[in-house]
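Chemist:
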Amino acid sequence: MLFFSDAWFKEMDKSLRPWVGGRDWRHQAHGSHLPRWEDVLAGINIPNEGMVSNLPDWGIIEVSVYADSVKIHPFHVGPLPKGVVTILSIGLTLGALFRSQVYKKT
0 MLFFSDAWFK EMDKSLRPWV GGRDWRHQAH GSHLPRWEDV LAGINIPNEG MVSNLPDWGI
60 IEVSVYADSV KIHPFHVGPL PKGVVTILSI GLTLGALFRS QVYKKT
């Protein structure tokens, strides 16, 4: 079993807080406790649904998440820099065009 020191959790809190809009990233359902390391996932592909505010909601994005016994909770990212959005928008548009052509043929 892995044990993490208080210093590790404090350091994680400093690096994660900007990614979650300054909110506490710890799970609050049954009292405040830090999630187990295996419950924090580096990334998962999900529908955007406002996680990245300047990308379309229908796009599939990869974001960091944490999981509890109820569901997977994605971290809100907010807006990305314009240059990054331009590059990602090209991929999203090409994916949408491809899917529309595939669905037309079926």
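All the letters of the sequence shown, read from the start, carry residue numbers 0 to 105 under numbering that gives the first Met the number 0.
Ideal Cβ placement from N, Cα and C applies to all residues, glycine included.
Given the structure is predicted, the values throughout are model-derived calculations rather than measurements.
#1: Verify whether the separation of the beta carbon atoms of residue 99 and residue 77 is less than 8 Å.
#2: What are the start and end residues of the beta strand (DSSP E) that includes residue 61?
#3: Cβ of residue 47 within 8 Å of Cβ of residue 58?
#4: Check whether chain C comes within 8 Å of residue 61, counting only Cβ atoms and requiring the distance to be less than that.
#5: Quick test of your reading: residue 50 and residue 80, contact by CB under 8 Å. State the CB separation rounded to the nearest angstrom.
#6: Exposed or buried, residue 54, counting other C-beta atoms within 10 Å across all chains shown (16 or more means buried)?
#7: Ordered along the chain, which non-local residues of its own chain (more than five positions away) have a Cβ less than 6 Å from that of residue 91?
#8: What does the Cβ neighbour count give for residue 60, buried or exposed, with the cut at 16 atoms within 10 Å?
#9: When the distance is taken between beta carbons, is residue 71 closer than 8 Å to residue 62?
#10: Could you give the first and the last residue of the continuous beta strand (DSSP E) run that contains residue 73?
Modeler: Short version:
#1: For the purposes of this step, residue 99 is taken as residue 100 along the sequence shown, with counting starting at 1. For the purposes of this step, residue 77 is taken as residue 78 along the sequence shown, with counting starting at 1. No. Outside cutoff.
#2: Counting from one through the sequence shown, the residue named residue 61 turns up at place 62. Residues 59-66.
#3: Taking the sequence shown and counting its residues from 1, one reaches residue 47 at position 48. Taking the sequence shown and counting its residues from 1, one reaches residue 58 at position 59. Yes, Cβ-Cβ distance for residue 47 and residue 58 is below 8 Å.
#4: Absent here is chain C; the protein component of the structure consists of one chain.
#5: Numbered from 1 along the sequence shown, position 51 holds the residue referred to as residue 50. Numbered from 1 along the sequence shown, position 81 holds the residue referred to as residue 80. Your pair residue 50 and residue 80 does not check out as a contact, with CB atoms roughly 16 Å apart and the cut at 8 Å.
#6: Counting from 1 along the sequence shown, the entry for residue 54 is found at position 55. By the beta-carbon neighbour count (other beta carbons within 10 angstroms, threshold 16), residue 54 is buried.
#7: Stepping through the sequence shown from its first residue, residue 91 is reached at position 92. The residues are 58.
#8: Along the sequence shown, read from residue 1 onward, the residue named residue 60 stands at position 61. With a threshold of 16 other beta carbon atoms within 10 Å, residue 60 meets it and is buried.
#9: Within the sequence shown, numbered from 1, the residue matching residue 62 stands at position 63. Within the sequence shown, numbered from 1, the residue matching residue 71 stands at position 72. Between residue 62 and residue 71, the C-beta spacing is not below 8 Å.
#10: Residue mapping note: residue 73 aligns to position 74 of the sequence shown, counting from 1. Here the beta strand (DSSP E) through residue 73 covers 71-73.
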